[in-house]
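Note that my numbering has the sequence shown beginning at 1151, numbered continuously upward. No residue lacks a Cβ here, since even glycine has one placed at the ideal position from N, Cα and C.
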Amino acid sequence: MDVNEKSCAICGAKSVCFKQLSLLELELADAHRVELKYKKGEHIAKQGSFVTHVLYLQKGLIKIYIETEQENDIILNIFRGGDYIGLPNLFTNAPLQYSVAAIEDSIICAIDKTVIENLVLQNGQFAKTIIQTLNNCTLFHYRRLISASQKQLNGRMADALLHLANQVYHSDTFTLSMTRKELAELAGMSVMSVVRTLKDFAQNKIIAEESNNIFKILDKAKLESYSKYG
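Below you can see the structure in the form of structure tokens.
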């Protein structure tokens, strides 16, 4: 983990939320934050720890996941540059309910949680965008719960691939940064089931997997059908 410094006011990776802040508010946040660089695979935060900062992902890819006593953990979500981690811990002293780790080399701004809470109370537009972000995450977790509890393997894998294409990589062709184990933890499947389902999808020309972990979605309508009907 490396440490770097840069002003919030001139940051080119400023979030939609922070674009609602005045110069004085940006300077306040700037005085209470630190920029950190993490390597792929490096742990960022530990489940059960105290939450003192909200994390803003400038660049990279990270996972938030619940550690279990079983073979597989449970990946709750994958975040890319422009996303926040730790917003559910605002205005509460509850410990962190999940762990955070880098899937790719990542740059994070850790901002004092108390400063974010004060900005929420003082700036209505900032508060609105924070609430919108929280709502989107909540709705996604509802869909994940339905997928894990109600859908069969094809539906779960379709959900995972569509989420990666639409929300994470923003392309139907992408280089998967995750291991097969992580993909299984995202889809709520065993590693063996992931391998078998991906093979079936490839044989049916729904996806193509090339060297260097490059995935191509060939029949998105079929994936969406699996996602819809489970």
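Would you mind reading off the limits of the beta strand (DSSP E) that contains Y1215? L1211 to I1216
Between which two residues does the beta strand (DSSP E) holding C1259 run? DSSP places C1259 in the uninterrupted beta strand (DSSP E) bounded by S1256 to D1262.
Below 8 Å on the Cβ atoms is my contact criterion, and I expect T1325 with N1363 to pass it. Report the Cβ-Cβ distance as a whole number of Å. 6 Å
Put E1374 into one of helix, strand or coil per three-state DSSP. helix
Please say whether I1261 and H1203 have beta carbons closer to each other than 8 Å? yes
Can you have a look at N1286 and say buried or exposed, based on whether 16 or more other CB atoms are within 10 angstroms of its CB? exposed
Over what stretch of residues does the alpha helix (DSSP H) that includes S1340 continue unbroken? Per DSSP, S1340 belongs to no alpha helix (DSSP H) and is neither H nor E.
Do we get a CB-CB distance below 8 Å when we pair P1245 with the residues of chain B? In summary, chain B is missing from the structure at hand, where a single protein chain is found.
Quick one: Cα of V1270 to Cα of Q1197, how far? 25 Å
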